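Trainee: Read left to right, the sequence shown gives residues 1 to 90 (UniProt numbering).
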Amino acid sequence: MRREHTQVFLLQLGTRQSIGPDDLRLLWATACESMDIHVSRRVQLGGTDGRRPCYGLWVRRTFNPVAAEERLRAMLDARGYLFTLTPIPV
Numbered sequence: 001m002r003r004e005h006t007q008v009f010l011l012q013l014g015t016r017q018s019i020g021p022d023d024l025r026l027l028w029a030t031a032c033e034s035m036d037i038h039v040s041r042r043v044q045l046g047g048t049d050g051r052r053p054c055y056g057l058w059v060r061r062t063f064n065p066v067a068a069e070e071r072l073r074a075m076l077d078a079r080g081y082l083f084t085l086t087p088i089p090v
């Protein structure tokens, strides 16, 4: 039986910041040390303009969430993003 991807983090960037799907996929795959990942984007109400994108970070295989979160935070910081990274209980 094939296991589906599970959302493990919700990423919100600072006001007026955005990231393309390819860049986010690369960062997330690097953080997870796996290409078996998925990213999603949706717009939710909030922020100064009433709409704010948020990004779902998904994995399929077992991974180290603490190490992946640390790596992802470091990469986002290095690129100058202001962000909130919220773990999703699995």
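Note that the Cβ used here is the ideal one computed from N, Cα and C, for glycine as well. Nothing here was measured: the structure is a model prediction, and the numbers come from that model.
Between the C-alpha atoms of residue 40 and residue 78, what's the straight-line distance to the nearest angstrom?
Mentor: Using only the alpha carbons, I get a separation of about 22 Å.
Trainee: Quick one: grab the DSSP three-state call for residue 26.
Mentor: Three-state DSSP puts residue 26 in a helix.
Trainee: Could you give the residue range of the beta strand (DSSP E) that holds residue 85?
Mentor: Start and end: 83-87.
Trainee: Using the Cα positions of residue 10 and residue 16, report the straight-line distance between them to the nearest angstrom.
Mentor: Going from the Cα of residue 10 to the Cα of residue 16 covers about 17 Å.
Trainee: Using 10 angstroms around the beta-carbon of residue 82, count the other beta-carbons present and answer buried if the total reaches 16, otherwise exposed.
Mentor: Classification for residue 82: exposed.
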